[in-house]
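Count along the sequence shown from 1, add 794, and you get the number used in this note's numbering.
We treat Cβ as the ideally placed atom computed from N, Cα and C, and that holds for glycine.
Step one of this worksheet: look at the structure below.
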Amino acid sequence: MFPALPHLKVSRPSHPEYAQPFRTRPVSVGPVTVGSSGPVVIAGPCTVESREQTLAIARAVKAAGAKMLRGGAYKPRTSPYSFQGMGKEGLEILAEARAETGLPIVTEVLDPRLVELVGSVADVLQIGSRSMQNFPLLTEVGRFGKPVLLKRGFGSTVEEWVYAAEYVALGGTLDILMCERGIRTFANGSYDRATLDLAAVRAVRRLTPFPVVVDPTHAAGDADLVPDLAAASLAQGVHGLLIEVVMAAEDRARALCDGEQGIVPSVLRSIVERAEAFAALSRVEPEVLA
Ligand code: PEP
Ligand code: MN
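Pasting the structure below:
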């Protein structure tokens, strides 16, 4: 059904120990491992907007049971006039949040010239959807050597996404988390922001041994849709969820970026509980049942 990609460093045939369909090559981030036991929930604000906001959300996501903290210090904004993130100061705030909570940090790097700087704080370097085909950036994060969370370009095919992972692998790291975050179809913002392509989760799991993380937040664009999309992702057998959080519903209107889609900590808790319930079931792959 889907062509094997045998000559790539990222494909299953290149890794005899993971050649079997759906066997996953785990990625370890400090005390957390993605792809070995149950689904890992990664959560935090869209953007580091202040020390108070980030520390409050960091404490809340830790209390809710999330295992890593995500937040952007450098933001990829469609308009150059929109808030671009706090930059270096934002990284310092993330480092403080990690020191207090112990949660590893996932944060985006946009510019190949900033890989060293962002990588000095990040435990996982996020490549955003808009950067998925920034080939020098992919090579540079691969060379840096820390784990990479590679978001799918919202206009990219599965093959293009896998080739993007190949750039990271050729750069030097195989610690890659593939992150589906919704693609552009007919979604026009009235009901959802993008279309969550859950079929791609299975395709990537078939083609590569890398853990797959789903970001229901950016696909939804609306906090209301996030819990069900997260549940659907868990049913698909994902290894992690990436979710944006606000402290309170009133904060949505105040957020400088992506406020409408942030869920509150109590909803995050219910998603973590669901993820833990999935971890307790040993999921039998349909392939194995066939
Ligand atoms: C984000 O994670 O905040 C983000 C901007 O996501 P994406 O690159 O998927 O649009
Ligand atoms: Mn966001």
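- No residue range can be given for E843, since it is assigned to no alpha helix (DSSP H) and is classified by DSSP as neither H nor E.
- Here DSSP, grouped into helix, strand and coil, assigns R946 to coil.
- Taking 7 angstroms as the cut-off, the C-beta of G866 counts as close to a heavy atom of the ligand PEP.
- In the same chain as L849, and ignoring 5 residues on each side of it, the C-beta atoms closer than 8 angstroms to its own belong to I887, E890, A891, E894, in chain order.
- Between the ligand MN and E1054, a heavy atom-to-CB distance of less than 7 angstroms is absent.
- According to the DSSP assignment, V956 belongs to the alpha helix (DSSP H) that extends over 952-965.
- Between the ligand PEP and K945, a heavy atom-to-CB distance of less than 7 angstroms is present.
- Restricting attention to N928, L885, T872, E846, the CA atom closest to the CA of P906 is found in N928.
- Restricted to the segment 880-944, the beta strand (DSSP E) segments that are unbroken, complete and at least 3 residues in length are 899-902, 918-921, listed in chain order.
- Between S1027 and L992, the alpha-carbon positions lie close to 7 angstroms from each other.
- Distances from the CB of H1012 to the heavy atoms of the ligand PEP include at least one below 7 angstroms.
- When DSSP states are grouped into helix, strand and coil, L1036 belongs to the strand group.
- Taking each of E910, R937, F877, G947 in turn and checking the Cα distance to G922, the smallest one comes out for G947.
- Out of E883, L904, L1050, the CA that lies nearest to the CA of Y875 is found in L1050.
- The count of Cβ pairs closer than 8 angstroms, one atom from the segment 820-834 and one from the segment 997-1015, reaches three, so the stretches are in contact.
- Between S822 and the set D1052, A1069, G1034, the nearest pair of CA atoms involves G1034.
- Between the segment 1049-1069 and the segment 1015-1027, the count of C-beta pairs closer than 8 angstroms reaches three or more; the two stretches touch.
- Put simply, the backbone Cα of R996 is about 16 angstroms away from that of K945.
- Across the set G939, L964, R975, the C-alpha of R975 shows the shortest separation from the C-alpha of R924.
- Close CB contacts of V1066 within its chain, under the 6 angstroms cut and outside five residues either way in sequence, are with V835, A858, G859 (chain order).
- The nearest non-hydrogen atom of the ligand MN is less than 7 angstroms from the C-beta of C840.
- At least one heavy atom of the ligand PEP sits closer than 7 angstroms to the Cβ of R975.
- By the criterion of a C-beta distance shorter than 6 angstroms, P820 is surrounded in its chain by T827, G829, S830, once the five residues flanking it on both sides are discounted.
- Its Cα nearest to that of E953, the residue M926 stands out among P825, R937, Q1030, M926.
- Relative to the ligand PEP, the nearest heavy atom lies less than 7 angstroms away from the CB of S923.
- No alpha helix (DSSP H) of 4 residues or more sits fully in the segment 797-855.
- By alpha-carbon distance to A1025, the top candidate from L911, F1072, F816 is F1072.
- Here the C-alpha atom of V900 lies approximately 22 angstroms from the C-alpha atom of A1042.
- Taking all protein chains shown into account, A963 has 16 or more neighbouring C-beta atoms within 10 Å of its C-beta and is therefore buried.
- Under the three-state reduction of DSSP, R864 is assigned to strand.
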